[in-house]
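Quick notes on the structure that follows.
Protein chains: 4
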Amino acid sequence: MIIVLKNNADAQKVEELKQTLTGKGFKLHLSQGENTTIIGLIGDTSNISEDWLYAKDVVDSVKRIKEPYKKANRDMHPSDTVVDIGGVKIGGGSFAVIAGPCSVETRPQMIEVAEDVKSSGAQLLRGGAFKPRTSPYSFQGLGSEGLKLLKEAKKATGLPIVTEIMQIGHLDLFEDVDVIQVGTRNMQNFELLKELGKTKKPILLKRGMANTLEELLMSAEYIMAGGNEQVILCERGIRTFETSMRNTLDISAVPMLKKKTHLPVIIDPSHAAGLKFMVEPLTMAAIAAGADGVMIEVHNNPEKALCDGMQSLTPKMFDDLMNKVKKTVPFFGKTMAAQVPVNR
Amino acid sequence: MIIVLKNNADAQKVEELKQTLTGKGFKLHLSQGENTTIIGLIGDTSNISEDWLYAKDVVDSVKRIKEPYKKANRDMHPSDTVVDIGGVKIGGGSFAVIAGPCSVETRPQMIEVAEDVKSSGAQLLRGGAFKPRTSPYSFQGLGSEGLKLLKEAKKATGLPIVTEIMQIGHLDLFEDVDVIQVGTRNMQNFELLKELGKTKKPILLKRGMANTLEELLMSAEYIMAGGNEQVILCERGIRTFETSMRNTLDISAVPMLKKKTHLPVIIDPSHAAGLKFMVEPLTMAAIAAGADGVMIEVHNNPEKALCDGMQSLTPKMFDDLMNKVKKTVPFFGKTMAAQVPVNR
Amino acid sequence: MIIVLKNNADAQKVEELKQTLTGKGFKLHLSQGENTTIIGLIGDTSNISEDWLYAKDVVDSVKRIKEPYKKANRDMHPSDTVVDIGGVKIGGGSFAVIAGPCSVETRPQMIEVAEDVKSSGAQLLRGGAFKPRTSPYSFQGLGSEGLKLLKEAKKATGLPIVTEIMQIGHLDLFEDVDVIQVGTRNMQNFELLKELGKTKKPILLKRGMANTLEELLMSAEYIMAGGNEQVILCERGIRTFETSMRNTLDISAVPMLKKKTHLPVIIDPSHAAGLKFMVEPLTMAAIAAGADGVMIEVHNNPEKALCDGMQSLTPKMFDDLMNKVKKTVPFFGKTMAAQVPVNR
Amino acid sequence: MIIVLKNNADAQKVEELKQTLTGKGFKLHLSQGENTTIIGLIGDTSNISEDWLYAKDVVDSVKRIKEPYKKANRDMHPSDTVVDIGGVKIGGGSFAVIAGPCSVETRPQMIEVAEDVKSSGAQLLRGGAFKPRTSPYSFQGLGSEGLKLLKEAKKATGLPIVTEIMQIGHLDLFEDVDVIQVGTRNMQNFELLKELGKTKKPILLKRGMANTLEELLMSAEYIMAGGNEQVILCERGIRTFETSMRNTLDISAVPMLKKKTHLPVIIDPSHAAGLKFMVEPLTMAAIAAGADGVMIEVHNNPEKALCDGMQSLTPKMFDDLMNKVKKTVPFFGKTMAAQVPVNR
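Chains as they are written, first to last, in this note's numbering: chain A, 16 to 359; chain B, 16 to 359; chain C, 16 to 359; chain D, 16 to 359.
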């Protein structure tokens, strides 16, 4: 970390700052220019915030050299992390597809979609039991009843399940869930992240719709700092000024995250665009850009879906898409993860 | 709500849609044009989501005429809601100032700042015990110990206290807190909002840094739908492309919210800009634009503050600011709320 | 277009509005609901702006059913437009690569890069003679001298050339230029667009960094309305809150534009990310998402480049990339455009 | 400027970089840390771009200490610039109001509005002759005929006139115009800015709707570098995700610009919100935040306005607003500029 002092910095205050920093265990490297004095901070600066330094009267500006995340940093862990979900691998060259309805609605719907996506080749089953909805008057998900149906679908098909948690108090209900999803609105729900850091479950962490990639990695760091390093990052579209689609898929997040971190990175094209016809081209773009997986909404009857019908594929459309995915993944040098029935 | 059907809409599917809508209790008003058929939906459309309609094959587009929030809507409640905090009034022409440190650090700090802001005229005391920090390695707040110190400061000064909650599990700890703050990162933590709807405490709801005003009102609606109508809205800067300040204060939110809702609207200039020298001009702009209050960070020693020192005023700077506030509020036709010592 | 009137709309003013609209040649379709009156406007509404209607006291809201662009609209022209540049085809299944340095610097540089990109398989040569730079103190391009060098490179290699115009007054200088580029900062320089509409040259129109896709299409419409329908659209990254890369590539723009318009759509991965290592994955994503071409910066010595060295590939890197492009384009069902030496 | 070198930087390449920089006339200040070498660049760095440095292989990161603008920088020119328009002063404590219709439509309209705004106290008259419209099918302004009508209104009232230029070729037509406006879409039309730098007219430079404040100042620098230091900056709303108003007024731009530059800063509340009812609160906020003026749209018959009727005040509304402005400006310590009839 580099601290540029003000030209007219009060000598005594500079001395105090230097002592404070030394007291925190840093070695200082001073560079006295004609007009500018620069302090180089040597040591682990991840627990120093720029703001804390900017608050000092003598500080003109601060430049972080080293990223503020450690466990998520590829520097510390050059090889890819592979998250293993009962044998289904994501990362390190293994590509997985998570598919299923936006929300769990009924037993027949859930079982039917689960069987359909399994037979098309999906390795993991998704379905929302607790649903974050903008309006209190919208369908809020079936809750614990929904989780039960999801587990029945898991039993029926052997597909591991991925579903979203919305509060710490529900954690007990997620015992048989294979991957716990943190939704875009909870990416900076730090209390939740801390608790998830104490579990041993893989966590699918969605990027907040207006969060930077560094903030996403800091949220992963919350989970990892707690001891759980099984984090899958998910880009699902960011909020911009564009109005013709729900969100703007940040495809560049894939190569940038792959450079910065060893964690697997997947794409959710369904939420990104919010429109069915875009799911295929965005899935192809995700594979081409180097993603480790995709998460796709499939509904046996999108017109009757209680949420997100606009973006849900029919099982037939999903089957067509999977045929393309199976060819495209090896074309870009990755392998489709094997379907591995979980212990029921 | 107006539903525009596709030109070539399948007659049977149109019939099904009409029956579904009638089944939900709506009266339909049909308008058959040469090329376009329009359905006007008459009834309470707040529990119909646009997405659900867009998922229907026969639907071309949807236009909501009526806002999707009801209890927060000024149409339903033309006069201003006044939130009363132990006698301190916010809204309906009464302007209040909430002041205090970003985070509670020590007993002397908290007591000293509390006494300072009281003597300058603040009506409410703020201080963070639970702190949402981007980095897991940053100071996370003193937690329940911080709440205790805050309550001591309340006892010492009689100022009602405002502090942030970060998870439902902490709710019991907030019994003696006068106003519960929901931070920007939790604006769409719907589980938390639902629980707060069951309390009887005034809630200070901060706008998410990338949320629309409609989404803010929908979050207020979550609290109000639960039975708690004491909601204070707070604009605290939104995330844009501009990099010279932390966030971009959306001053237009004040007149727009005042038009759409009866709830009081306050401004947090400290977090908006993140820079001390901007607090005064933004406070003045807030008053001029019609805000019902401001929330300002004050620290007895900003250079030593454990967080947000860059934006914290010294007690002296705050005192100068309050002198201007006291003149400016009546100039724009509002009254400064009275300082009313709360029952200790 | 649908016009929703206010509940309490003054009858006489409504009558006036109806007469104004009828006077403009529209047929009106009225739908009188209990509370709401809706006017459906039948006719060519592309010259009616929503704002003009919103200014009427009796109007509550307006909904456009038909897009405001006509010539660019795929509805009017279902098959793909193929832009033909001296035999090099872009669109309709033909994929072309435009490559070259950010700015023309010297004769040897320009000739060397031109020969390199030609031998790697690029079909078109780019190079900036007039450079839009944020700072007046930065290198502004060689101007007409640069155009001369670019034309020499064209002569030497037979590659058609693409270069940016910055003002109408320079149009004469562009006689031997094969494709005139309108840069991101000039996407809404309507006077320039009008003039370009009078030329017979293919125009490469870059999306403004904060413009919607509809605005991009409206700018294409300016050119087309003037009689020049040879417009190539280019997505080059939009401005968002993300700071780790220069801009955010909006990959969804590809499928969305392909749906809305018949014009070819290309991607500029170099400017989008501003970082060398991202050019390959974003190029692959562009092809996968359905783009008709890419535009890539190549410099024989990026470290010495007078601008944009950070994002420029070396000829060797470009050659490796082209080997992948040549395999990927047919994998996704398109054909590489043939290299066709232009008449020198 | 501070250049941080990579840990493993090649010694010879470092040497080359140092020589290049020395060759450009900089003095270098080296700081050799254990792992990091830092070069401090001493001299005028305004013509060094960060990108050029980032393109060097040995460079890890770059930090600019000094702003890249010189003539616009308050450091170089601590006292406020006062722009004097035939005696009407903007800046340095003098507050001016520019008012008039969005576009010049007819002689009676223009004369009537001009007389109305004059009698209400506006010091300058606005009116668009050349209009930048998103659609080629919208009213494009009366062009040179509109300029003639505007000059007649100037003659009739003595109010100096402000109007927008859209291309260099029109410059001759602007001889009798008192202030030339550069619109938001042309803020980075650098060719136009260079030409305006050669004129002696005051320039009203509007911020691009997605441009940073630094970019705005760099555009002002283009004009000033050409020799014309009479630049008035105008914040008119930026593009964000918020949809309830046209743009988001960045009120913080006022104090931030006042800190960074000596140039006057005005606000355009009409374009910012695009809604009539917001013009007053945003005008008040502008004054409170320290602006040197406002620019307001007034139309004698907003319902019939050919553009922007939604946001245009009637003369009566404007008169009411001016009564408040006249009280509010002195309350915040500024003086209303005098109305000074220009030489006709």
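Glycine included, C-beta positions come from ideal geometry on N, C-alpha and C.
Sorted by chain position, which residues of the same chain lie with C-beta nearer than 8 Å to D/Leu174's C-beta, five sequence neighbours on each side aside? Excluding sequence positions up to five before and after D/Leu174, its CB lies within less than 8 Å of the CB of Ala129, Val132, Lys133, Ala137, Gln138, Leu139, Leu140, Ala168, Gln354, Pro356 and Val357, all in the same chain and listed in chain order.
- Message: Once the 5 residues before and after B/Glu295 are set aside, which same chain residues still bring their CB inside 6 Å of it?
- Response: Same-chain partners within the cutoff: Leu336.
Could you please give me the residues that DSSP links to C/Val280 through a beta bridge? BP columns for C/Val280 point to C/Leu248.
Practice prompt. Could you tell me which chain A residues have their CB closer than 7 Å to the CB of B/Pro317, listed as they occur along the chain?
Written response: Chain A residues near B/Pro317: Ala70.
Query raised in the report: Distance, Cα to Cα, A/Ser327 vs C/Leu328?
Result: Here the C-alpha atom of A/Ser327 lies approximately 39 Å from the C-alpha atom of C/Leu328.
Which chain C residues are close to D/Asp149, counting only those with a beta carbon under 7 Å from its beta carbon?
For the sequence presented, residue 149 of chain D should be read as Thr rather than Asp. Here the neighbours are Glu230 and Met233.
Report task. Could you tell me the distance, in whole angstroms, from the CA atom of C/Gly156 to the CA atom of C/Leu20? Result -> Answer to the nearest angstrom: the Cα atoms are 54 Å apart.
**Report entry** DSSP three-state assignment for C/Ile311, whether helix, strand or coil
**Finding:** Strand, per DSSP.
B/Lys221 - partner residues in DSSP beta bridges | Its beta-bridge partners are B/Cys249.
8 Å contact criterion, which B/Met239 and B/Ile281 should meet: CB distance rounded
Not really, about 17 Å apart at Cβ, beyond 8 Å.
A/Gly142 by DSSP, collapsed to three states: which one? Per DSSP, reduced to three states, the secondary structure at A/Gly142 is coil, with no helix or strand assignment.
Whether or not the region 228 to 244 of chain D and the region 229 to 239 of chain B are in contact is what I'm after, with contact meaning three or more pairs of Cβ atoms, one per stretch, closer than 8 Å; do they touch?
They do not touch, by the three-pair rule.
request  = Could you confirm whether any beta carbon from chain D is found closer than 8 Å to the beta carbon of B/Leu264?
outcome  = Nearest CB-CB separation between B/Leu264 and chain D: below the 8 Å threshold.
### Query
If the cut is a Cβ gap below 7 Å, which residues of chain C does D/Ile183 touch?
Near D/Ile183 (Cβ distances below 7 Å), the residues of chain C are Gln182 and Gly184.
Considering only the beta carbon of each residue, do A/Leu147 and B/Phe205 sit closer than 8 Å?
The residue asked about is misnamed: residue 147 of chain A is Pro in this sequence, not Leu. Cβ atoms of A/Pro147 and B/Phe205: closer than 8 Å.
| task | Could you check what DSSP says for C/Gly38 in three-state terms: helix, strand or coil? | result | Of the three classes helix, strand and coil, the one that applies to C/Gly38 here is helix, per DSSP.
Amino acids of chain C, ordered along the chain, whose beta-carbon sits closer than 9 Å to that of A/Ala287: By Cβ distance, chain C contributes Ser267.
Quiz prompt | For D/Val177: DSSP bridge partner residues | solution = According to DSSP, D/Val177 shares a beta bridge with D/Arg141 and D/Val194.
*Near A/Gly198, which residues of its chain fall below 7 Å by C-beta distance, leaving aside the five closest residues on each side in sequence?*
In the same chain as A/Gly198, and ignoring 5 residues on each side of it, the C-beta atoms closer than 7 Å to its own belong to Pro147, Glu179 and Lys221, in chain order.
Q.
List, in chain order, every chain D residue whose beta-carbon is nearer than 9 Å to that of B/Ile253.
A. In chain order: Thr255, Phe256, Glu257 and Thr263.
Q) Near C/Leu211, what residues of its chain come up, given a Cβ to Cβ distance below 6 Å and the 5 sequence neighbours on each side ignored? A) These residues qualify, in order along the chain: Ile218 and Ile238.
**Asked** Which value, in whole angstroms, describes the spacing of the CA atoms of D/Asp323 and D/Gly289?
**Response** Answer to the nearest angstrom: the Cα atoms are 8 Å apart.
Within the continuous beta strand (DSSP E) that includes A/Thr52, where are the two ends? Run containing A/Thr52: Thr52 to Ile57, per the beta strand (DSSP E) assignment.
Output yes if chain A places a C-beta closer than 8 Å to the C-beta of C/Leu332; else output no.
For clarity, residue 332 of chain C is Met in the given sequence; the question names Leu instead. With 8 Å as the cut-off, C/Met332 does not count as an interface residue toward chain A.
Between A/Ala225 and chain B, is any beta-carbon pair separated by less than 8 Å?
Closer than 8 Å: yes.
Checklist entry - What's the C-alpha gap between A/Gly308 and A/Pro284? => result Taking the straight line from one Cα to the other gives about 11 Å.
TODO: Report the residues of the region 64 to 92 of chain B with a CB closer than 7 Å to any CB of chain A, ordered along the chain.
DONE: Residues Ser64, Asp66, Trp67, Tyr69, Ala70, Lys71, Asp72 and Pro83.
Check your understanding: What do you reckon, are the CB atoms on A/Val119 and A/Gly161 nearer than 8 Å?
Key -> Taking 8 Å as the cut-off, the beta carbon of A/Val119 is found closer than this to the beta carbon of A/Gly161.
Identify each residue in the region 296 to 311 of chain D for which the Cβ-Cβ distance to at least one residue of chain B is less than 8 Å, and report them in chain order. Listed in sequence order: Pro296, Leu297, Met299, Ala300, Ala301, Ile302, Ala303, Ala304 and Gly305.
_Rounded to whole angstroms, what is the Cα-Cα separation between A/Val98 and A/Arg251?_
C-alpha separation (whole angstroms): 19 Å.
task = Tell me whether A/Gln47 sits in a helix, a strand or coil according to DSSP, three-state version.
result = The answer is strand: DSSP assigns A/Gln47 an E or B state.
Task: Separation of A/Met332 from A/Met125, as counted between CA atoms - done: A/Met125 and A/Met332 have their alpha carbons spaced roughly 17 Å apart.
Within this structure, are the beta carbons of B/Ile53 and B/Ile80 separated by less than 8 Å?
Not closer than 8 Å, so no.
Exercise for the section: Check the C-beta distance from D/Ala320 over to C/Ala70 and give it rounded, since I have them as a contact under 8 Å. Expected result: Taking a contact as a CB-CB distance under 8 Å, the pair D/Ala320 and C/Ala70 counts as one, their CB atoms being some 6 Å apart.
- Check each residue of the region 96 to 110 of chain D: if its Cβ is closer than 7 Å to any Cβ of chain C, include it; give the result in chain order. The region 96 to 110 of chain D vs chain C, Cβ under 7 Å: nothing.
### Residue-level contact to chain C via CB, B/Ser46, 8 Å cutoff
Interface criterion met: the Cβ of B/Ser46 is under 8 Å from a Cβ in chain C.
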